[in-house]
Structures are given as structure tokens and as C-alpha cells.
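Asker:
Residue numbers (our numbering): 8 to 115.
What follows is the structure, given as C-alpha cells:
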């Protein structure tokens with residue numbers, strides 16, 4: 008079982024969490040001004056990268072709080088977690104082709 012590091016509770020089993028979609032998607036300032044195509048674009052179309060991706064998660068069987076995570080969509084590895092409202096932490100690559108990881112200098 009994969010462990011996910013909740014920013015408030017620490018590491019917990021994956022079954023305690025639920026995925027909430029792409030992180031950092033801004034809500035339209037005036038949704039009533041959008042036509043159907045623009046609204047559909049906002050509601051349904053999201054990035055689908057291969058590699059690091061910022062996502063929203065909730066610790067639904069624990070503290071029930073929402074947080075953001077940088078997760079590699081190829082390996083499913085959680086690279087970093089951070090609270091909603093905080094910017095994503097910088098990532099570095101250790102060698103050509105290596106998986107990115109959180110920059111330890113950026114967290115101190």
C-alpha cells in the first residue's frame with residue numbers, strides 16, 4: 008500500500024485519501040459571462056501530463072482537510088505535499104532522466 012504524507016497528520020495509507028483533481032485552477036471571475044463552450048472548457052478540460060503534476064487531495068478518512076501534492080503521473084510517486092494556498096515547492100532533477108524531487112534548499 009502506498010503512503011501519502013498529509014501535511015497535518017503525517018504519513019497515512021492511500022485508502023484514507025481521495026483525489027480532487029488538478030490543483031491551481033482559477034475559478035472564473037464572472038462565470039455568468041462565459042458562454043457554454045468557455046464554461047465546458049473550465050469544468051471539463053484539464054492538463055494530463057506525463058511526469059510531475061500538481062493535484063488536490065483530501066484526507067477524507069482522517070483530518071478531512073484539503074491539500075495539494077506534486078505527484079509523478081508515470082510512477083505515481085508523491086514528490087511533495089503542501090497546504091492549499093501555498094505555492095508548489097521547487098523541484099530539482101538529480102541527473103539526466105532522473106525523477107524530480109523536492110529541493111531541500113527551498114524548504115529550509
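By construction, the Cβ of each residue, glycine as well, lies at the ideal position given by its N, Cα and C atoms.
Please read these numbers as outputs of a predicted model, since none were measured by experiment.
Evaluate residue 74 with the Cβ neighbour count: other Cβ atoms within 10 Å of its Cβ, from every protein chain shown; 16 or more gives buried, anything less gives exposed.
Answerer: Translated into the one-based positions of the chain shown, residue 74 becomes position 67. Residue 74 should be labelled buried.
Asker: If the criterion is Cβ atoms closer than 7 angstroms, does the pair residue 14 and residue 88 meet it?
Answerer: Residue mapping note: residue 14 aligns to position 7 of the chain shown, counting from 1. Residue mapping note: residue 88 aligns to position 81 of the chain shown, counting from 1. Their beta carbons are under 7 angstroms apart, which means residue 14 touches residue 88 by this criterion.
Asker: I'd like to check one pair, residue 34 with residue 65: are the Cβ atoms closer than 7 angstroms?
Answerer: Position 58 of the chain shown holds residue 65. Position 27 of the chain shown holds residue 34. Contact flag unset, no.
Asker: Can you pull the DSSP bridge partners for residue 13?
Answerer: Taking the chain shown and counting its residues from 1, the one referred to as residue 13 is at position 6. Per DSSP, 17.
Asker: Does DSSP put residue 76 in a helix, in a strand, or in coil?
Answerer: Position 69 of the chain shown, counted from the start, is the residue given in the question as residue 76. Strand, per DSSP.
Asker: Quick check on the DSSP output: the alpha helix (DSSP H) that includes residue 44 runs from which residue to which?
Answerer: Start at 1 with the first residue of the chain shown, and residue 44 comes out as number 37. That run of the alpha helix (DSSP H) goes 43-51.
Asker: Considering only the alpha carbon of each residue, which of 23, 16, 28 lies closest to residue 62?
Answerer: In the chain shown, counting from the first residue as 1, residue 62 sits at position 55. For the residues 23, 16, 28, the minimum Cα distance to residue 62 belongs to 28.
Asker: CB-CB under 7 angstroms to residue 80, same chain, minus the five flanking residues each way: which ones, in chain order?
Answerer: Working through the chain shown from its first residue, we reach residue 80 at position 73. Only 56, 57, 58, 60 meet the Cβ criterion.
Asker: Quick one: using the 10 Å Cβ neighbour count with 16 as the cut-off for buried, is residue 78 buried or exposed?
Answerer: In the chain shown, residue 78 corresponds to position 71, counting from 1. By the neighbour-count rule (16 or more Cβ atoms within 10 Å), residue 78 is buried.
Asker: Of all the options 8, 31, 43, 22, which has the alpha carbon lying nearest to the alpha carbon of residue 68?
Answerer: Locating residue 68 in the chain shown gives position 61, counting from the first residue. The shortest Cα separation from residue 68 among 8, 31, 43, 22 belongs to 22.
Asker: What would DSSP say about residue 59, mapped onto helix, strand or coil?
Answerer: For this step, residue 59 is matched to residue 52 along the chain shown. Note: residue 59 maps to strand in three-state DSSP.
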